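In the numbering used here, the protein residues as written are 30 to 267. We treat Cβ as the ideally placed atom computed from N, Cα and C, and that holds for glycine. In this text the structure is predicted, and so the values were computed from the model without any measurement.
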Amino acid sequence: MPIGFAGPLLRSSGMDEYRPLGALGQPAYLSHRKLVAALTPRLGPAAAQYLARPEIDEANRQVHWHAEIDGPVRRWADLPEEEQARFAPRVVEIRDGLLRFVDELEAREGVTRAESGFAHLVRQAVRSPGAETLYLVGDTPVLTLWGFEGGSTSFDTLTFNPVGVRAPAMAPVAPVAAAAVTASRPWWHWLLLALLALLLLGLLFWLLRGCEMVGDGRVVPERVEERPQVALPPGTTG
């Protein structure tokens, strides 16, 4: 396929979604044509096709990642392990070729500033936010979101082992997180709650007792009403 062929769309990403890695005074992903032109004659088309073509959508602040080849699209992390093992030599060949190219360029006697900068560009370009950005298009590995890095996860082609890769686990849901916070409270927190409950019970008992007390603290005796004497007529015995 000629350079510039826009194959299947693999994914789209927000321009502010991940942090771009810089080289030669600009984000690495803006050097796609330069990388393809340099890598193709030295490492072959597979190494150049490894970097998905980024199409910049300024209006929507997005980058659309297209393969430079055509074929069925599958995410590498979704492949069964036996298929990963089957296609792993292709990834290893690209990985080792890129690593050899960078090492030779950096170790060259009298290396120029431009050559050193280009080696740094390649190292930055083959990194991405995670292994889920790697795809298999037909039989060819293709990396999307190259030249970017994420938060807690990262992917580096130069140290990648292509077998046994799985998609990252989902983050725990909110109720689980809340339960974890509750379980982490210290033991003395519960002791304070128990003491507070005892104090409240004592206060309630004292208030109930106070209802039976007068101001000076003496118990008020129950008042017995005297019935009036009824006068009997003379000659009547009581």
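Cα-Cα separation between residue i and residue j, rounded to whole angstroms
| i | j | result |
| --- | --- | --- |
| P118 | N89 | 38 Å |
| A81 | V151 | 14 Å |
| G126 | D45 | 31 Å |
| E178 | Y47 | 6 Å |
| G193 | E110 | 6 Å |
| L64 | P49 | 16 Å |
| M51 | G176 | As written in the sequence, residue 51 is Gly, which differs from the Met given in the question. Taking the straight line from one Cα to the other gives about 8 Å. |
| A76 | V121 | 11 Å |
| L128 | P74 | 16 Å |
| Y164 | L174 | 11 Å |
| T162 | A136 | 30 Å |
| P191 | A226 | 60 Å |
| E97 | Y58 | 15 Å |
| L38 | Q113 | 22 Å |
| G180 | I123 | 26 Å |
| F184 | L224 | 53 Å |
Extent of the continuous beta strand (DSSP E) to which residue i belongs
| i | result |
| --- | --- |
| S181 | Per DSSP, S181 belongs to no beta strand (DSSP E) and is neither H nor E. |
Three-state secondary structure assigned by DSSP to residue i
| i | result |
| --- | --- |
| T186 | helix |
| L174 | coil |
| E87 | coil |
| R137 | coil |
| G43 | strand |
| V102 | strand |
| P49 | strand |
| L163 | strand |
| L225 | helix |
| L128 | helix |
| V68 | The residue asked about is misnamed: residue 68 is Leu in this sequence, not Val. Helix. |
| V309 | Residue 309 lies beyond the residue range present for the chain, which begins at 30 and ends at 267; the question has no answer from this structure. |
| L38 | strand |
Expected contact under 8 Å - CB spacing of residue i and residue j to nearest Å
| i | j | result |
| --- | --- | --- |
| G159 | T186 | The pair is not a contact, with the Cβ atoms about 12 Å apart (cut-off 8 Å). |
| A67 | F147 | 7 Å |
| H93 | S41 | 5 Å |
| V166 | G36 | 7 Å |
| H95 | E87 | With a Cβ gap of about 17 Å, H95 and E87 do not count as contacting. |
Span of the alpha helix (DSSP H), counted from its first residue to its last, around residue i
| i | result |
| --- | --- |
| S60 | Looking at the DSSP string, S60 is not in any alpha helix (DSSP H), and its letter there is neither H nor E. |
| P151 | Contrary to the premise, residue 151 reads as Val rather than Pro in this sequence. Segment R142 to A154, the alpha helix (DSSP H) holding V151. |
| A77 | P74 to Q78 |
Exercise for review: Say whether the segment 94–109 touches the segment 163–170, bearing in mind that this needs 3 or more beta-carbon pairs closer than 8 Å, one atom from each stretch.
Suggested key: With the cut-off at 8 Å, the segment 94–109 and the segment 163–170 touch.
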